[in-house]
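**Q** Please read through the structure below; I'll follow up with questions.
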Amino acid sequence: QQQVKQSPQSLIVQKGGISIINCAYENTAFDYFPWYQQFPGKGPALLIAIRPDVSEKKEGRFTISFNKSAKQFSLHIMDSQPGDSATYFCAASMLLWGQGGKLIFGQGTELSVKP
Amino acid sequence: DSGVTQTPKHLITATGQRVTLRCSPRSGDLSVYWYQQSLDQGLQFLIQYYNGEERAKGNILERFSAQQFPDLHSELNLSSLELGDSALYFCASSVSYRAAGNTIYFGEGSWLTVV
Chain A
42 QQQVKQSPQS
52 LIVQKGGISI
62 INCAYENTAF
72 DYFPWYQQFP
82 GKGPALLIAI
92 RPDVSEKKEG
102 RFTISFNKSA
112 KQFSLHIMDS
122 QPGDSATYFC
132 AASMLLWGQG
142 GKLIFGQGTE
152 LSVKP
Chain B
43 DSGVTQTPKH
53 LITATGQRVT
63 LRCSPRSGDL
73 SVYWYQQSLD
83 QGLQFLIQYY
93 NGEERAKGNI
103 LERFSAQQFP
113 DLHSELNLSS
123 LELGDSALYF
133 CASSVSYRAA
143 GNTIYFGEGS
153 WLTVV
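Structure follows, in structure tokens:
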């Protein structure tokens, strides 16, 4: 119930291509869905986030698509660049007393963008 | 640089021992979070403190404990260490106690190896 399932585990994309990472959840109490980017040796960093009342959010080359009925959301990276090579995590949190700060992370996707 | 400082960066210790990981949050952040990252479990939420008080608890083992001090820095104590406790431990901080609408900043982590 509190899981977030992420796929694929790894992804190789050519420079300039579109990278797509998918996540699915079961718990309808989740109300916040961020994506984090992690480079080797660094901590995760917030990339972009969405609330369930919005179906899409775009920031630069990064877009989140959200499908509330399917309980799925995805990250699209347009015009992927070698510098985007990193591990990406989707996450979710819920508006419940005492749980609002807790992020439940997907298993991560290792993205490699080939020049 | 996220502004979250963790020490030590690397730690090697023997089974059965006790270690303390230290975290200084970003200036002005009242919430401190601890996460464990391992290959098999991924990123797991351990515990959150907000302004000195425990706010949310995850699957933190009884052998682990944490606290947040009046100056807002936090410590994670790991005792009776087992081989399986080897992992990267992240501290994170944010202004609010909620994840939604707030950026949670992660430190670079403390690598713990139990031998």
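Chain order of the listed sequences is A and B. Going from the first sequence to this note's numbering is simple: count from 1 and add 41. Going from the second sequence to this note's numbering is simple: count from 1 and add 42. Backbone N, C-alpha and C define an ideal beta-carbon position, used for all residues, glycine too.
Let me know if ASP82 of chain B comes out buried or exposed under the rule of 16 or more other beta-carbons within 10 Å of its beta-carbon.
**A** Counting Cβ neighbours within 10 Å, ASP82 of chain B comes out exposed, since fewer than 16 surround it.
**Q** Any beta carbon of chain A sitting closer than 7 Å to that of PHE148 of chain B?
**A** Chain A, which has a Cβ nearer than 7 Å to the Cβ of PHE148 of chain B, makes this yes.
**Q** How should GLY147 of chain A be labelled, buried or exposed, when 16 other C-beta atoms within 10 angstroms of its C-beta is the threshold for buried?
**A** GLY147 of chain A comes out buried.
**Q** Helix, strand or coil for ASP72 of chain A per DSSP?
**A** The answer is strand: DSSP assigns ASP72 of chain A an E or B state.
**Q** Using a Cβ cut-off of 9 Å, which residues of the region 71–87 of chain A contact any Cβ in chain B, in chain order?
**A** Per Cβ criterion, the list reads ASP72, TYR73, PRO75, TYR77, GLN79, GLY82, LYS83, GLY84, PRO85, ALA86, LEU87.
**Q** Going by other Cβ atoms of all chains shown within 10 Å of its Cβ, with 16 needed for buried, is PRO67 of chain B buried or exposed?
**A** Result: buried.
**Q** Starting from the C-beta of GLN50 of chain A, find all residues in its chain whose C-beta is less than 8 Å away, skip the five residues before and the five after it, and write them out in chain order.
**A** Once the five neighbours on either side are set aside, the close Cβ partners of GLN50 of chain A are GLN148, GLY149, THR150, GLU151.
**Q** Would you kindly work out how many angstroms separate the C-alpha atoms of LEU72 of chain B and TYR91 of chain B, rounded to a whole number?
**A** Approximately 8 Å, taken between the alpha carbons.
**Q** Can you tell me the Cα-Cα spacing of GLU97 of chain A and ILE105 of chain A, whole angstroms?
**A** Rounded to whole angstroms, GLU97 of chain A to ILE105 of chain A spans 6 Å at the Cα level.
**Q** Once the 5 residues before and after THR128 of chain A are set aside, which same chain residues still bring their CB inside 6 Å of it?
**A** Cβ neighbours of THR128 of chain A beyond the five flanking positions: GLN79, GLY149, GLU151.
**Q** For a cutoff of 7 Å on Cβ pairs, would you count GLY142 of chain A as touching chain B?
**A** Yes, because at least one Cβ of chain B sits closer than 7 Å to the Cβ of GLY142 of chain A.
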